[in-house]
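Enquirer: Numbered according to the numbering used here, the sequence shown spans residues 147 to 517.
Before I ask anything, here is the structure I am working with.
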Amino acid sequence: MSLDDSRDGARDLVREHLLRMPGYEPVEPIDVVAKRLGIPEDQIVKLDANENPYGPSAKVRETLERYDMYHIYPDPAQSRVREAVADYVGVEPGQVVLGNGSDDLLDLCARLFLSPGDTLVNFPPAFGVYEFLGRIYDANIVDVPRGEDFSLDLERAEAALSGAKLAFLASPNNPTGNLTSLEEIERLLSPGAVIVVDEAYAEFTGESFAQAVGRHDNLIAVRTFSKWAGLAGLRAGYAIVPKPMAEVIWRVKIPYNLTAAAEQAIMASLDDIPALNANVARIIEERGRLFGELASQSWLRPFESEANFLLCEVRGLMAKDVRDRLRERGILVRYFDAAGIKNCLRISVGKSEDTDRLMSALGEIGAGVAG
Ligand SMILES: Cc1ncc(COP(=O)(O)O)c(C=O)c1O
Numbered sequence: 147m148s149l150d151d152s153r154d155g156a157r158d159l160v161r162e163h164l165l166r167m168p169g170y171e172p173v174e175p176i177d178v179v180a181k182r183l184g185i186p187e188d189q190i191v192k193l194d195a196n197e198n199p200y201g202p203s204a205k206v207r208e209t210l211e212r213y214d215m216y217h218i219y220p221d222p223a224q225s226r227v228r229e230a231v232a233d234y235v236g237v238e239p240g241q242v243v244l245g246n247g248s249d250d251l252l253d254l255c256a257r258l259f260l261s262p263g264d265t266l267v268n269f270p271p272a273f274g275v276y277e278f279l280g281r282i283y284d285a286n287i288v289d290v291p292r293g294e295d296f297s298l299d300l301e302r303a304e305a306a307l308s309g310a311k312l313a314f315l316a317s318p319n320n321p322t323g324n325l326t327s328l329e330e331i332e333r334l335l336s337p338g339a340v341i342v343v344d345e346a347y348a349e350f351t352g353e354s355f356a357q358a359v360g361r362h363d364n365l366i367a368v369r370t371f372s373k374w375a376g377l378a379g380l381r382a383g384y385a386i387v388p389k390p391m392a393e394v395i396w397r398v399k400i401p402y403n404l405t406a407a408a409e410q411a412i413m414a415s416l417d418d419i420p421a422l423n424a425n426v427a428r429i430i431e432e433r434g435r436l437f438g439e440l441a442s443q444s445w446l447r448p449f450e451s452e453a454n455f456l457l458c459e460v461r462g463l464m465a466k467d468v469r470d471r472l473r474e475r476g477i478l479v480r481y482f483d484a485a486g487i488k489n490c491l492r493i494s495v496g497k498s499e500d501t502d503r504l505m506s507a508l509g510e511i512g513a514g515v516a517g
């Protein structure tokens with residue numbers, strides 16, 4: 147068809163609901179921000195995407211340099227890396243599927259269970275990818291909002307789940323940082339819908355439901371090397387799935403959804419767990435210090451968090467303005483103004499020098515605000 151034949155041409159062939167849906171809003175890449183602000187990249191304090199300030203293990207750098215099979219496709223069965231991950235988590239290799247970041251596994255879960263019109267339950271405030279995937283698969287998204295302390299409304303959740311196919315739930319939750327207990331998960335599992343527990347931040351708390359997957363045929367745990375192991379840029383995530391589901395996943399998964407580089411990086415990370423755990427411990431310690439510093443400002447109210455970030459309510463100033471004024475100083479944080487998280491900032495835990503720069507900037511911005 148020539149471009150003159152119709153008004154919109156082939157765009158009219160795009161699935162209609164996709165034409166209407168808003169896109170996911172990721173954070174801006176650091177080089178773009180640095181250029182706009184006229185600040186060198188290495189002077190930006192990047193606390194907006196819950197990345198690991200210590201980066202990957204030194205073994206990852208060495209391994210990627212040494213590896214010389216980048217021209218060969220990776221193993222589509224992910225055999226070696228599945229064994230290593232299964233060993234790390236304490237599950238069977240047959241329960242593990244890896245992919246291009248945990249986002250890829252969340253997408254795979256949505257692809258497995260959601261036909262147009264099927265119900266997806268979401269527990270806002272929640273990670274934005276869940277709603278984004280619900281829209282892509284044209285699901286009926288049913289929100290069960292969290293309470294004031296960000297806990298789940300279990301009664302409403304059970305009712306919503308009895309007519310649903312799937313629910314996504316992060317523990318610790320992003321952006322609120324709180325955990326869901328095993329008892330709560332078990333109640334959510336009882337109506338029979340598939341519950342995907344997103345454990346992107348599990349290593350910062352030590353709590354995981356991965357081993358409970360073997361006991362429930364409708365529980366999936368999704369995890370990542372992005373946060374605790376500093377591999378966000380390499381895209382290395384995985385799911386722990388009940389075995390009968392795993393068989394289907396291997397049939398519908400894109401064959402090479404884990405790059406050779408990510409596979410190598412995972413193996414090297416798992417060969418250096420004590421060093422990575424030491425970084426996790428430093429982040430947890432810094433989280434405590436950051437919490438104390440924020441709480442000492444009368445106009446800021448941080449919430450306790452089990453992850454590598456803190457949600458913080460702003461009082462007497464617009465959180466968006468605070469975000470902008472931090473940005474002018476080269477300090478990047480996220481801001482939220484949705485139901486349940488009105489006028490809030492989400493601040494990733496960085497190194498102690500990042501906390502110092504952040505707090506000195508917040509001191510200037512907040513000067514004169516009455517508590
Ligand atoms: C709750 C949650 N799940 C998943 C992800 C995505 O992680 P990955 O880098 O593994 O795709 C994030 C990233 O911020 C997250 O906060």
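Idealized CB from N, CA, C, for every residue including glycine.
Excluding sequence positions up to five away, which residues of its chain have a Cβ less than 6 Å from the Cβ of Val288?
Expert: For Val288, where only same-chain residues beyond five positions count, the Cβ hits under 6 Å are Thr265, Val267, Ala306.
Enquirer: Tell me whether the beta-carbon of Val340 lies closer than 8 Å to the beta-carbon of Leu251.
Expert: The answer is no: Cβ separation not under 8 Å.
Enquirer: Measure the CB-CB distance between Ala378 and Ala411 and report whether it falls below 8 Å.
Expert: Their beta carbons are not under 8 Å apart, which means Ala378 does not touch Ala411 by this criterion.
Enquirer: For Ser494, write down the residues that DSSP places opposite it in a beta bridge.
Expert: In the DSSP output, where bridge partners are listed per residue, Ser494 has Phe455.
Enquirer: Listed in chain order, which residues are found with a beta carbon closer than 6 Å to a heavy atom of ligand 1?
Expert: Answer in sequence order: Asn196, Gly247, Ser248, Asp249, Phe273, Ala316, Asn320, Asp344, Ala346, Thr370, Ser372, Ala378, Gly383.
Enquirer: What residue from Gly245, Leu335, Ser372, Lys373 has the CA that sits closest to Phe355's CA?
Expert: Among Gly245, Leu335, Ser372, Lys373, the Cα nearest to that of Phe355 belongs to Leu335.
Enquirer: Might you give, ordered along the chain, the residues of its own chain that have their beta carbon closer than 7 Å to the beta carbon of Gln357, omitting 5 neighbours on each side?
Expert: Taken in chain order, the residues that qualify are Gly236, Val237.
Enquirer: Answer yes or no: do Val275 and Leu478 have a C-beta to C-beta separation smaller than 8 Å?
Expert: Not in contact: Val275 and Leu478 (Cβ atoms no closer than 8 Å).
Enquirer: Run through DSSP, which three-state label would Ala513 get?
Expert: DSSP places Ala513 in coil when its eight states are reduced to three.
Enquirer: In whole angstroms, what separates the C-alpha of Pro291 from that of Glu162?
Expert: The straight-line gap from Cα to Cα measures roughly 28 Å.
Enquirer: Can you give, in chain order, each stretch of the beta strand (DSSP E) that sits fully within the region 345-407 and has at least 3 residues?
Expert: The qualifying runs are 365-370, 383-386.
Enquirer: Are the CB atoms of Leu254 and Glu452 nearer to each other than 8 Å?
Expert: Against a cut-off of 8 Å, the Cβ pair of Glu452 and Leu254 comes out as no contact.
Enquirer: Val242 to Gly434, Cα distance in whole Å?
Expert: Looking at the two C-alpha atoms, the distance is approximately 33 Å.
Enquirer: What does Pro448 pair with, by DSSP beta-bridge criteria?
Expert: Note: Pro448 sits in a beta bridge opposite Cys458.
Enquirer: Could you give the uninterrupted runs of the alpha helix (DSSP H) lying entirely in the region 293-320, keeping only those of 4 residues or more?
Expert: Within the region 293-320, the complete alpha helix (DSSP H) runs of at least 4 residues are 300-308.
Enquirer: What did DSSP end up calling Val275 once you bin it into helix, strand or coil?
Expert: It is helical.
Enquirer: Do Arg492 and Phe437 have their CB atoms nearer than 8 Å?
Expert: Not a contact, by the Cβ cut-off of 8 Å.
Enquirer: Cα-Cα, which of Ala223, Asp194, Met167 is closest to Pro401?
Expert: Among Ala223, Asp194, Met167, the Cα nearest to that of Pro401 is on Ala223.
Enquirer: Any Cβ of chain B within less than 8 Å of the Cβ of Lys192?
Expert: You won't find chain B in this structure, because it holds only one protein chain.
Enquirer: Across which residues does DSSP place Tyr481 in a beta bridge pair?
Expert: Beta-bridge pairing links Tyr481 to Leu491.
Enquirer: In the DSSP assignment, the alpha helix (DSSP H) including Val290 goes from what residue to what residue?
Expert: It is not in any alpha helix (DSSP H) - Val290 carries neither H nor E in the DSSP assignment.
Enquirer: Which residue or residues does DSSP assign as beta-bridge partners of Gly169?
Expert: In the DSSP output, where bridge partners are listed per residue, Gly169 has none listed.
Enquirer: Please list, in chain order, all residues of the same chain as Leu315 whose beta carbon is under 6 Å from its beta carbon, the five residues on each side excluded.
Expert: Excluding residues within five positions, the ones whose Cβ falls inside 6 Å are Phe269, Val343.
Enquirer: Between the Cα of Leu328 and those of Phe350, Ser308, Ala346, His362, spot the shortest distance and give me the residue it belongs to.
Expert: Checked all of Phe350, Ser308, Ala346, His362; the closest Cα to Leu328 is His362.
Enquirer: By Cβ distance, which residues of its chain are closer than 7 Å to Glu510, with the 5 residues on each side in sequence left out?
Expert: Correct list: empty, nothing qualifies.
Enquirer: Using DSSP bridges, identify the partner residues of Lys192.
Expert: Leu478.
Enquirer: Please state the DSSP three-state secondary structure of Ile430.
Expert: If DSSP states are grouped into helix, strand and coil, Ile430 belongs with the helices.
Enquirer: Spatial neighbours of Gly247 within its chain, please: CB distance less than 6 Å, with the 5 preceding and 5 following residues excluded, ordered by chain position.
Expert: Contacts found: Arg381, Gly383.
Enquirer: Which ranges would you report for the alpha helix (DSSP H) in the region 191-264 if only whole runs of at least 4 residues count?
Expert: Segments of the alpha helix (DSSP H) lying fully in the region 191-264: 204-212, 225-235, 248-259.
Enquirer: Whole angstroms are fine: how far does the CA of Ala406 sit from the CA of Tyr219?
Expert: For Tyr219 and Ala406, the distance between alpha carbons rounds to 7 Å.
Enquirer: Exposed or buried, what is Ala156 when buried is set at 16 or more other beta-carbons lying within 10 Å of its beta-carbon?
Expert: By the neighbour-count rule (16 or more Cβ atoms within 10 Å), Ala156 is not buried but exposed.
Enquirer: By a C-beta neighbour count over all protein chains shown, 10 Å radius and 16 as the cutoff for buried, is Asn198 buried or exposed?
Expert: Counting Cβ neighbours within 10 Å, Asn198 comes out buried, since at least 16 surround it.
Enquirer: Just tell me which of Val231, Val495, Val227 has its CA closest to the CA of Glu431.
Expert: Taking only the C-alpha atoms, the option nearest Glu431 is Val495.
Enquirer: Give the straight-line distance between the Cα atoms of Gly184 and Glu499, rounded to the nearest whole angstrom.
Expert: Distance between the alpha carbons of Gly184 and Glu499: 21 Å.
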